[in-house]
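Here's the structure, in structure tokens; my notes come after.
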Amino acid sequence: MSIKESREEFLRKHFYTTIYRSPPIVNDNICVYCGIDHFHLCTSDVVIIKFIAELNNDDFLLVHQIFNEWCLMNNDQRLQAVHKYFTPNDPRYGFKYHSTSTSILMESVPLLPTQIIYFFVKFIVNDHLLTQEYYKWYKSENDIQRIINYLLELKSSNPFYRDRAYLGFIYDWELFDIFSKDIPYILTFKPPSKEGYDNAMKIVSKLSYDHKKKINFDLLFNFKEIQQYGIPDDILSDITANQIVYRVSKLHKITEAYLLDFPSKTRTHKIDECRDILFGLFFKFEYSSSVINTSLEANLEKFIDYFGSEVINYEVIQYIKSNHTVQTTYPLLVIRGIIMSRFKFDLDFNSISDILSDWILTNINITNMKERDIIEMLPLLQVTTDNVPAILKVLNLNLNPLFFWQYVPYILSSKIGDSVTKYFRIDNITNNIGNNLPLIFYHGILLNCSGASDNFKVIHPQLQIFSSIYSYSISQNCSLIFITLDLVLNIINRPLLICREKVFRGAIVEFFLELFSKLDDTHYKGVVNKLVENAEVVAKWVLEESNSIPRDMIQHIFNNYRLAQSLLSTESGPELEELLIDLSPTQSVLQHQQSFINMLKLVKYIYNPNDFILKALNAIGTIETSRELLYMVDFEYIDGYYFLARHFTYDKLEILFRNNSVDVPIGVQKVREFALKLTFLTSGDEDELPSDIPLEKVYSGMKIKDLQELDEVRSFFDTVPSTIWRQSKWFIMFYSQFTRFKEDVKTSKSTDIYWIDYEVNNYVNTLNPITVYPDNNKMNLLDLPVILLERIVTLLYRIKTYHHQHKINLSMVSKKMFDVCSSILTNNYNDFDSINRNYIGVPQPYKLNINARYCLFKDYPKFLRYLSLNLYPIENQERIFYERAESMSVEYDINNSVVSNVHTRIIPTRNTNFKSISFYTSSDTNIDQVVTLCQKSPLLEHIYFVVTDRWDHAQVVFECILKLQLPNLKTVNIYQIFDENYINYGFNDDMEVNTISLDLQSFFKDSILSNSTYTHPIRIPKLKILNIEQNLRFSGFDRYTIHFHKEELDKEGVMSFYSNTFSKTDVLSFKVSRPNNVPILVDIATQFPNIKKLKINITKYYDEMDHLSIESLQLIFQKLNHSNIKTFTIFHRVYDFNIPLCKYSLFDDGYLSSEHLYQFYFSKIKMGAFKPANHLNMKFIK
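Right, here's the structure in full:
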């Protein structure tokens, strides 16, 4: 009789077989993980992901225990466990690969299987309740325990743990040497702190050279912040030395990070300490179009710029003298790299010409010498009586025709004589020919493109290489552009077959882009004249296949301010209209003519070398002309205000605001106010601005329509210097009138928001000074009892219009007030993700130093985002999760624009104090995780599910939650988010309709009411959908809010789709984007006599072109008075994902005083039996 296998025994065999079974070899593009024939094969982590997905919470805890036991074993015990539990031939265990896999050999058992690393990194590291024990393994004698500790601490958000784990690369190098092949790309880690890094570098500097050779520098410098941290000279020199360089596969990246400091010269470098770095760069140098080689060239250039060409030339010569007889690989490749770069960096080999010639003859036949290397070396050969046989042997090398048709121009270029000028057909090469060698080579390659097409395929990578050389040469000597322009025009005018090659055309287009980006002002005139003469052929070359000029070329030419300035600074030259005609052979160019004309006009207005902006503006007498000045730019590419800032710098721009005296011309004042208005918002009525408008009316007509424009308001204070806008009292007055949206603007973290409030208050006080009367009672606010102060401060802190800086200032009034404010913040901050919605926003609460004397928070906030739990001090993590936090958000298996996370698993071992939990879920979410967390949270009052796609688990989840019979649970809510692709569909009969339906009646009858174990009354929370998109069917919910996005609703379509749903409720709640749809929704609601309450949220701000008129409002109330609806609620509130901003009354457009609003609306609208519930004018009761 067989003994039934226990669950633990099964999981042990399943676990060991899964992690130790090697995947089979991939054949014929068949994915061994999924069995599908495709080119994008699955990643190997799918093995452990599938394994964990099959586990419930109890199984997962058991597997975690098995993993811990595995970590505690020594190597012999681990091998014994593998022999015992590894059962690859039993189909019940392990991952089912789509191929046959034989049993592994025991002697080949890896010390650290890849799947173990995946398991720990993906499912344990981010589970903060399971990682406490692993921090204690830092100095364990067990190798596995230490590497597990490093994997955890190197990913920690606490710099203390990262810094000490970082030292493991240095002291524990043997361990990383053993496991480096097992943890290649998996070991991505967060950087150490700057202090921790500097300390580690000091330690490395003191190590012996032999110890340094053993360190894995690829791991030590494998983080992007290394570019800011810098690398000490002596350490990089040792790395690039012959003995170490082969251990560093990412040397070019390490060197790039090191050399970032050279241009700034923030450190002093000595050539004695950097010599090996220099030769390490030459070691890697070769002719190639790769990004790596381009960066190496740039790095060598930085070296030469820093130390000077003479020093570098001396070091190179000394190296060749010392190493030309050495036959090991490193010095051979260093010398080869030096030769390859001699023209690029103008190296002089005259003093060692005989040594180099002998070296070339000795080494030219080595296997790793490429054809390109040989071509570069041949001009250095010295022909003597003794070496003629060797020279002939070289010429008999078996090289393809590329050698012969490239050899000639390179030899000519190296000899430098009249033949070069004749060969390249250049008439005015300057006498300083040595500095122009890179440009000459570029010319030579372009000319040789006239050869056969097959030859061009070989040479085209060199175009890319020499284009960078060309760019450098042009930047050093702009006059060379005319030489090159003549050459290029000569080439493209020739009917060559090769000219139709895509790569060659690309090189020519790139040339014309460089033409406009590298020159100074004095050369534009001549260049434009040449282009006009050759306009037809130039247009043919720069046109793309779509018959349109590339966008970046249009920007260079038609939005190039310096070009326009240059053209207008001289009287001679072609007329503007003629120039535009010659440069505009296609419609794609013609449509940008106006932009170019505007640019030229703009120059005429403001081109004045002596404070040109101020003088030009002083001469402007009318606002129309001023507005023309600011609008003469093509706004498709560049904003008017920032155009001025970009080309004239802020110090010139601030001239507009520097003089605030009364004698500033009115035209100048209007222009600067108009500039601020354009920058603040572009939605005002800019086309109607009469010249006689008073200053206080410049900002009239500004509206906030939606969330995007609200973001523009925030960005204004983030980008425009306060020294500009604080000088304008009219702007401050204008800002103070925006009562409607200011509450939402105040949620911005920008400090400038606080300062503008400060300026507004000061200005208002100057207009209406506050009289302070003597206090006859000898009392002040601080004399009040603490209980009253707490009530007052609580109310103040809840006011969203108060910037958080004001609230902080309040706490600084006295010690008593500080204690009151501190108590309120510490005990009441428990809101959800909306970090700035109440009290004082704390975006990163884990950074609070709650033990600091003057920290307002004496404990961490009561809201917790679970993914941030590991950022809190490790000693507080369990207390925060189980005791402190009252609300929490959890992201499960979601990857979208709202949150991004995978494989979140929470398994609490005791009860929590959570009163509300928000779950971000998808169809892949493990329901056990949700139910277990709810079960361990008996104080729960509200549960939220934020879903981003079709959610098939609603019925199952709600049943599981109701079975728990949580004693305090009041609501279970769903908030559904869809992207714009869905929203744009609207009502479509052909569209598949997703549903969220609940059928809980039979569930209550079968599972709850019939269960005799329930001794208390059955508790049923309210089931709500807080947001569901239009055209989705749903049922079984107590309350719901439907979000309509369509521009114009079809009344009959809505009635038909929702008739059954609306007839079964007494409350309707809608969100609508367009106010013009409100009357339609009211009309629909009045058709159902069962409806008693109606709520409508308009999700856009006021727009005078799209709002409810007095007539439409009157019609709404007439219909409501003739219906059974008793309560009507309507307001504006913009939604940012699932976080609502402030509500605003429909009768408050945000720009008029409350008295004017009341007279304007309420005196004209007859509400009949409806009356406002309160002063907010959002809820009306019959």
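Per our numbering, the very first residue in the sequence shown carries number 26; after that it's consecutive.
Using N, Cα and C, we set each Cβ at its ideal position, and we do this for glycine too.
Query                                                                                                                                                                                                     : Result
What distance in whole Å lies between the Cβ atoms of residue 1195 and residue 1133, which are believed to be in contact at a cut-off of 8 angstroms?                                                     : Contact flag wrong, Cβ pair sits at about 15 angstroms.
Tell me the start and end of each unbroken alpha helix (DSSP H) in the segment 889-961 that is at least 4 residues and wholly inside, in chain order.                                                     : 952-960
Quick one: Cα of residue 1050 to Cα of residue 998, how far?                                                                                                                                              : 6 angstroms
When burial is assigned at 16 or more other CB atoms within 10 Å of the CB, is residue 190 buried or exposed?                                                                                             : buried
For residue 168, would you say it is in contact with chain D, using Cβ-to-Cβ distances shorter than 7 angstroms as the test?                                                                              : The structure shown contains no chain D; it holds only a single protein chain.
If you measure between the beta carbons of residue 328 and residue 303, is that distance less than 7 angstroms?                                                                                           : yes
Taking the alpha carbon of residue 1106 as the reference point, which residue from 950, 1089, 1125 and 1078 has its own alpha carbon closest?                                                             : 1078
Is residue 42 helix, strand or coil when you go by DSSP?                                                                                                                                                  : helix
For residue 989, which residues of its own chain have a beta-carbon under 7 angstroms away from its beta-carbon, when the five flanking residues on both sides are left out?                              : 959 and 960
Could you tell me which residues DSSP pairs with residue 998 in its beta bridges?                                                                                                                         : 969 and 1049
Where residue 750 and residue 721 are concerned, what is the direct C-alpha to C-alpha distance, given to the nearest angstrom?                                                                           : 15 angstroms
Considering Cα atoms alone, identify which of 406, 365 and 366 is closest to residue 381.                                                                                                                 : 406
In the DSSP assignment, what residue or residues form a beta bridge with residue 123?                                                                                                                     : In the DSSP output, where bridge partners are listed per residue, residue 123 has none listed.
Identify, in the order they occur along the chain, each residue of the same chain with its Cβ nearer than 7 angstroms to the Cβ of residue 1170, setting aside the five sequence neighbours on each side. : 1156, 1201, 1202 and 1203
Please classify residue 182: is it buried, with 16 or more other beta-carbons within 10 angstroms of its beta-carbon, or exposed?                                                                         : exposed
For the beta strand (DSSP E) that contains residue 1118, what are its first and last residues?                                                                                                            : 1118-1123
Would you give the residue range spanned by the beta strand (DSSP E) that residue 139 belongs to?                                                                                                         : No beta strand (DSSP E) holds residue 139; the alpha helix (DSSP H) holding it covers 139-148.
If distances are taken between C-alpha atoms only, which option among 980, 844, 882 and 76 comes closest to residue 40?                                                                                   : 76
Compare the C-alpha of residue 219 against each of 234, 187 and 254 and name the closest.                                                                                                                 : 254
Is it buried or exposed, residue 323, if we count other Cβ atoms within 10 angstroms and call 16 or more buried?                                                                                          : exposed
Looking at the structure shown, is residue 1134 part of a helix, part of a strand, or coil, going by DSSP?                                                                                                : coil
So, under 8 angstroms CB-CB, residue 965 and residue 993 are touching, yes? Tell me the CB distance rounded to an integer number of Å.                                                                    : 6 angstroms
For residue 301, which residues of its own chain have a beta-carbon under 6 angstroms away from its beta-carbon, when the five flanking residues on both sides are left out?                              : 262, 265 and 266
Counting along the chain, where does the beta strand (DSSP E) carrying residue 1066 start and finish?                                                                                                     : 1064-1069
How many whole angstroms separate the CB atoms of residue 119 and residue 68, which I take to be in contact at a CB cut-off of 8 angstroms?                                                               : About 18 angstroms separates the two Cβ atoms, so there is no contact after all.
From residue 95 to residue 146, what does the alpha carbon distance come to, in whole angstroms?                                                                                                          : 16 angstroms
Can the beta-carbon of residue 1074 be found closer than 7 angstroms to that of residue 1093?                                                                                                             : no
Which partner residues of residue 1156 appear in the DSSP bridge assignment?                                                                                                                              : 1122 and 1170
Starting from the Cα of residue 402, find the closest Cα among 367, 111 and 843 and give me that residue.                                                                                                 : 367
Taking just the CA atoms, how far does residue 901 sit from residue 369?                                                                                                                                  : 59 angstroms
DSSP three-state label for residue 981, please.                                                                                                                                                           : helix
Report the rounded CA-to-CA distance for residue 1189 versus residue 834, giving the unit in angstroms.                                                                                                   : 44 angstroms
Using a Cβ-based criterion (distance less than 6 angstroms to any ligand heavy atom), does residue 702 qualify as near the ligand FAD?                                                                    : The ligand FAD is not part of the structure shown, which contains no ligands of any sort.
Under 8 angstroms by Cβ, that's how I've got residue 239 and residue 198 pegged, so tell me the actual separation to the nearest angstrom.                                                                : 5 angstroms
Do residue 1056 and residue 1096 have their C-beta atoms within less than 7 angstroms of each other?                                                                                                      : no
Our contact map puts residue 911 next to residue 883 with C-beta atoms below 8 angstroms; I'd like the distance itself, whole angstroms only.                                                             : Not really, about 16 angstroms apart at Cβ, beyond 8 angstroms.
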